[in-house]
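Going by this note's numbering, the sequence shown wraps up at 603, each residue one higher than the last.
Working notes, beginning with the structure itself.
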Amino acid sequence: MRTMVLTFFVLILFFSESFAANWFRQGKVTEKEMPETGKIFVFGNLVLPPPNDNNCQANESRSDRALAFKISIIASLVGDSFDVNKLYFDGKSTGEWALNMWQSIWKYKEGSSDIPPLISYNWQGMDYVNFCVGDGARKLATDKSFKNIVLWYDGPVQTTFHPSPISGETDSSKYTGFPVDVSKVDGSLKVSNTGQRLSDVVGFGAGTAPTDSKTPGLPNFIGNKIELSDYNPKKTDSIKVRGQSKNTGTGKIASDKKIESRFYLSKGYKEDAHSEWIRFDREQTKGPNLEPGETHWEEAKLKLWEHGIIQPGETYNIVYCIDRIKDSDNGDGQYPEEHKSDNCTKEAVFTVASAPEPSNQKFAWSSAGPIVGRVCTQISEPADSYSWTDNFFCADSNYGIVWSSNGPIANMRCTQVIESADPHSWNNNYLCVPNTSNIYFSWSSAGPIDNQACTQWFEGADPYTWNDNYLCYQIRETVPPAPPPTYNLSVNNIMLNIINRDKLWEDGFFDLAITAVNLGNNLPSNVSVGYYLDEVLIATHTMNASNLTNNAYRSDALFDIPAPLTSGEHTAKICIDSSNVIPETNESDNCQSIKVEVEKHVNPAVIMQLFN
-8 MRTMVLTFFV LILFFSESFA ANWFRQGKVT EKEMPETGKI FVFGNLVLPP PNDNNCQANE
52 SRSDRALAFK ISIIASLVGD SFDVNKLYFD GKSTGEWALN MWQSIWKYKE GSSDIPPLIS
112 YNWQGMDYVN FCVGDGARKL ATDKSFKNIV LWYDGPVQTT FHPSPISGET DSSKYTGFPV
172 DVSKVDGSLK VSNTGQRLSD VVGFGAGTAP TDSKTPGLPN FIGNKIELSD YNPKKTDSIK
232 VRGQSKNTGT GKIASDKKIE SRFYLSKGYK EDAHSEWIRF DREQTKGPNL EPGETHWEEA
292 KLKLWEHGII QPGETYNIVY CIDRIKDSDN GDGQYPEEHK SDNCTKEAVF TVASAPEPSN
352 QKFAWSSAGP IVGRVCTQIS EPADSYSWTD NFFCADSNYG IVWSSNGPIA NMRCTQVIES
412 ADPHSWNNNY LCVPNTSNIY FSWSSAGPID NQACTQWFEG ADPYTWNDNY LCYQIRETVP
472 PAPPPTYNLS VNNIMLNIIN RDKLWEDGFF DLAITAVNLG NNLPSNVSVG YYLDEVLIAT
532 HTMNASNLTN NAYRSDALFD IPAPLTSGEH TAKICIDSSN VIPETNESDN CQSIKVEVEK
592 HVNPAVIMQL FN
């Protein structure tokens, strides 16, 4: 896999003059875990890199992006004591993986474990800072996970007051509401360019604290935790949902009883009204599995494509509820409990992967279904059907591309797609184009091929195996091959000549002659001429191919042929290509026949009688 250089760029917009003194120094931004409370931070946002960004590129061969942070928000809250050396990175939920991948590639390239430093000749007037996220790092983590990287400040804060949203603003720099003390908002809301709370970031859902009074001596079934197998699935995916329940009370239910649990889907980060919940599964837990103090897991599967409210790029949440017998107005549930307000978990939040970006390239790859406006070919592998259900190779036009998981396709030009790390399933897969296509594909499992345009094939469910596989191509303008030559030899005429007599007698001799014509292309080899008498081959001659070119006539003869010993009518035949070695369009005109009349000698006694 090609590793991209991590670089950075600072976009100069505007900033207060009061912080200029601290912005002239060089800062080193490193990875450091941020406390859950008491620190201010901003989320990153992936944008196209600014021009001339130290080799950060977004073009046909590279898809680098800039991770932008609105650093002026931090500086404005810190005040005069702002120090860029106190800025750190941390990853929340999926951002932790993205940060590790980003840092690992930077360390590999630069020999340093730090994220690139904040270097500027003039920090005055800064609004955003941008760091290049190279093509290599983006292929090891999703764009959504990079957006869960935060830039935070580990130092004293001058004020925690900041305007609040009032009209649905998503950019915190444009909030128009009344200023609030964000340090006291539930979830430790600090400052974010998306308006998110820290608890809003995608991830599992924990249990909830009870809000009603306790009734001692009873069981207390709570939704303790909910986890998802994927927090950034595609619209075409199904995800596994695991809900954990626990009996925190002192009582239990009979061993022959069961407790019903339910899984609910809703849109957004937070719980909707119960009437808006969408139940997608329910399970039954046996009483003995939830004795006092015990926990139990139930599993469900959410097929995203089955729910119309789920759309690419949107955020959703799932809750898990135990002792739930109604989707709304559940009341006390089926069993009396110490509390009735803690049966459901908090939200497990996930964001559906965005639809593939439009591309002006000839070919593009999608792991989230076909790309709108393109001609797409589904790439599947039956032996690996769980992962390979929504992968498509898309083209800007219909080039007649066909995929095969069962060997090359007859009468097409096919390129084998192999993955040596997975040889048992990826051993008979081919991408095929018509034989007349001027597109010539080449497959590489070791990065792009030099001097060819390449498209990476990537499957996020198997990132380590598919991180360096590329389909490359060349356009070869070809001249259609000339049609194959056609041959057609024909006998123009044949002749018979009786030697020294008017009639052919039993002891006489005769000659045969042939004139042949080549009505087709020049011959590939010399050609035979066969002479037959009463269907018996009596001689074979050879005509030189150079003497029988296209539309040429050539003659041949056989002399002094003894007459048949029996009088009567006989047949002579002459054939061109008598050995039948030239494939012809018409084989019916290769021979002609002629009658051979043999006279019987008159008896001498009869002749003598004529003179008596």
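Glycine is no exception: its CB is placed at the ideal position from the N, C-alpha and C atoms.
*asked:* Can you list, in chain order, the residues of its chain with a C-beta nearer than 7 Å to that of G324? Leave out the 5 residues immediately preceding and following it.
replied: D314, R315, I316, K331 and N334
*In the stretch 374 to 455, which residue ranges form an unbroken alpha helix (DSSP H) of at least 4 residues, counting only runs that do not cross its ends?*
none
*Inter-residue CB distance, V120 and F60 (contact presumed, cutoff 8 Å)*: Yes, V120 and F60 are in contact; Cβ-Cβ is about 5 Å, under 8 Å.
*How long is the line joining the alpha carbons of G240 and E338, rounded to whole angstroms?*
23 Å
*Proximal residues to P224 (C-beta, below 8 Å), its chain only, five neighbours per side dropped*: I230, L295, F341, V343 and A344
*According to the neighbour-count rule (16 or more other Cβ atoms, all chains shown, within 10 Å of its Cβ), is P472 buried or exposed?*
exposed
*May I ask you to list the residues that DSSP assigns as paired with G214?*
S236
*Output the distance between the C-alpha atoms of C445 and I309, rounded to the nearest integer angstrom.*
39 Å
_For Y79: DSSP bridge partner residues_ = T21 and W143
_Beta-ladder partner(s) of R270, from DSSP_ = Y255
*DSSP on V343, reduced to helix/strand/coil?*
coil
*So the alpha helix (DSSP H) L131 belongs to, where does it begin and stop?*
D126 to L131
*asked:* By alpha-carbon positions, which one of R56, A49, P147 and F137 ends up nearest to N76?
replied: Among R56, A49, P147 and F137, the Cα nearest to that of N76 belongs to P147.
*To the nearest angstrom, report how far apart V38 and C123 are at their CA atoms.*
10 Å
*How about S433 and G391: do their beta carbons lie closer than 8 Å?*
no
*Could you tell me the distance, in whole angstroms, from the CA atom of R53 to the CA atom of D221?*
27 Å
*Which word fits I300, buried or exposed, when buried means at least 16 other C-beta atoms lie within 10 angstroms of its C-beta?*
exposed
_Nearest-angstrom beta carbon gap, G284 and N238 [assumed within contact, 8 Å]_ = 7 Å
*Got a sec? Which residues, its chain only, sit under 6 Å from P439 by beta carbon, not counting five neighbours each side?*
C445 and Y461
*asked:* For G127, count the other beta carbons within 10 Å of its own beta carbon; 16 or more makes it buried, fewer makes it exposed. Which is it?
replied: Result: buried.
*Look up K98 in the DSSP assignment and say whether it is helix, strand or coil.*
helix
_Residue interval of the beta strand (DSSP E) (run including F60)_ = R56 to F60
_Proximal residues to N321 (C-beta, below 6 Å), its chain only, five neighbours per side dropped_ = Around N321, the same chain offers R315 as residues with beta carbons nearer than 6 Å, after the five sequence neighbours per side are excluded.
*Grouping DSSP H, G and I as helix and E and B as strand, with all else coil, what is F5?*
Residue placement at F5 is flagged as unreliable, the pLDDT there being 25, under the threshold of 50; the coordinate-derived value follows with that caveat. Reduced to three states, the DSSP call for F5 is coil.
*Bounding residues of the alpha helix (DSSP H) (the contiguous stretch that carries D134)*: Segment D134 to F137, the alpha helix (DSSP H) holding D134.
*Spatial neighbours of K135 within its chain, please: CB distance less than 6 Å, with the 5 preceding and 5 following residues excluded, ordered by chain position.*
Once the five neighbours on either side are set aside, the close Cβ partners of K135 are N223 and T342.
*Among A507, S395, E590 and I466, which one has its Cα closest to the Cα of L495?*
E590
_Which residues DSSP lists as bridging Q352, in chain order_ = Bridge partners of Q352: none, in fact.
*Taking DSSP as the reference, what is the three-state secondary structure of P553?*
strand
_N402 versus T562 - alpha carbon distance_ = 49 Å
*Would you identify the three-state DSSP class for A573, choosing helix, strand or coil?*
First, the amino acid is wrong: residue 573 is Ile here, not Ala. Looking at I573 - three-state DSSP - the assignment turns out to be coil, as it is neither helix nor strand.
_Three-state secondary structure (DSSP) of G278_ = Three-state DSSP puts G278 in a helix.
*Determine the burial state of A31: buried for a count of at least 16 other Cβ atoms within 10 Å of its Cβ, exposed for fewer.*
As written in the sequence, residue 31 is Ile, which differs from the Ala given in the question. Under this definition I31 is a buried residue.
*DSSP bridge partner residues for R545 (one or two, in chain order)*: Its beta-bridge partners are A507.
*asked:* Between S236 and P279, how many whole angstroms is the CB-CB distance? I'm expecting something under 8 Å.
replied: Not confirmed; about 13 Å, so no contact.
*If we ignore side chains and look at the alpha-carbon of each, how far apart do E588 and P474 end up?*
47 Å
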